[in-house]
Amino acid sequence: MKIILASNNKNKIREVKEILDDINVDILSMKEAGIDIDIEENGSTFEENALIKAREVMKLTKCITMADDSGLEIDYLHKEPGVYSARFMGHDTPYDIKNKALIDRLQGVEGKDRSARFVAAIAVVFPNGKEIVTRGTMEGTIAYKPCGTNGFGYDPILFLPEYNKCSAELSSDEKNKISHRGKALRAMKSRLLMIEEK
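First residue of the sequence shown: 193, per the working numbering; consecutive thereafter.
Here it is, written out as structure tokens:
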């Protein structure tokens, strides 16, 4: 099975390939598939944005296409930055600046009031019109300062109480087992295997 991944984000591509490594799927990035388009993600949910990306790329390639939309939800900030996680403070703003800004906005907020989560929605769109969407979350709290150098994006500020670590302090193996994207991808893997068996 060949799947085009509607992304050129090297970190995401690596995570997807690692998690789907044990099933017979050939995953190509948009670049590898020769696709160069900007897709406007104007959905109001992670699921809608993942579907928008997958549908657009599938129309161009006529191949099975997978897309994800993911981000950070902070409960105290009414689930900001949410679907705007990548665009928060502008696409080109470095994540250390974004992370500091979010920590600063939680000054004086303590304990469970700092609750937050990573959310990932994975969409797969087939040339015959079939669509599958799965979702995964990784619950935590916003750290008082960034910690760890693994991972990317908001990983340094999501603290995971059960591990006593920030997401950016996990190894990629540890992260893939418990991450929002890992959960959504494993749910998708089950659905894809059921289709293959049919």
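Beta carbons: idealized from backbone N, C-alpha and C, even for Gly.
In this structure, does DSSP put R378 in helix, strand or coil? helix
Which residues DSSP lists as bridging K304, in chain order: Partner(s): none; K304 has no beta bridge.
Simplified DSSP assignment, three categories, for F310: strand
Please specify which runs of the alpha helix (DSSP H), each continuous and at least 4 residues long, are wholly inside the segment 205-280, giving them in chain order. 238-253
Using DSSP with H/G/I as helix, E/B as strand and the rest coil, what is V197? In the sequence on display, residue 197 carries Leu and not Val. Of the three classes helix, strand and coil, the one that applies to L197 here is strand, per DSSP.
Three-state secondary structure (DSSP) of A293: helix
Please return the same chain residues whose Cβ sits closer than 6 Å to the Cβ of D260, not counting the five positions on each side in sequence. A242, A312, I314
If you compare alpha carbons, which of M222, V275, I205 is closest to E239? V275
Can you name, in chain order, every residue of its own chain whose Cβ lies under 6 Å from the Cβ of K209, other than the five neighbours on each side? I219
Which residue comes first and which comes last in the beta strand (DSSP E) that contains I324? 323-334
Helix, strand or coil for L298, going by three-state DSSP, please let me know. coil
Under 8 Å, do L252 and I211 count as touching if we go by C-beta distance? no
Could you check whether the segment 356-367 touches the segment 375-383, counting it as contact only if at least three pairs of C-beta atoms, one from each stretch, sit closer than 8 Å? no
Can you find the residues in the same chain that come closer than 7 Å, C-beta to C-beta, to E265, ignoring five residues on each side of it along the sequence? K271, G274, A308, R309, V311
When we look at the beta-carbon of E207 and count the other beta-carbons within 10 Å, is it buried (16 or more) or exposed? buried
Taking 8 Å as the cut-off, decide whether the C-beta atoms of F318 and I229 are in contact. no
Report the three-state DSSP secondary structure of L350 (helix, strand or coil). strand
Identify, in the order they occur along the chain, each residue of the same chain with its Cβ nearer than 8 Å to the Cβ of P338, setting aside the five sequence neighbours on each side. D288, N291, K292, I295, P348, I349, C358, A360
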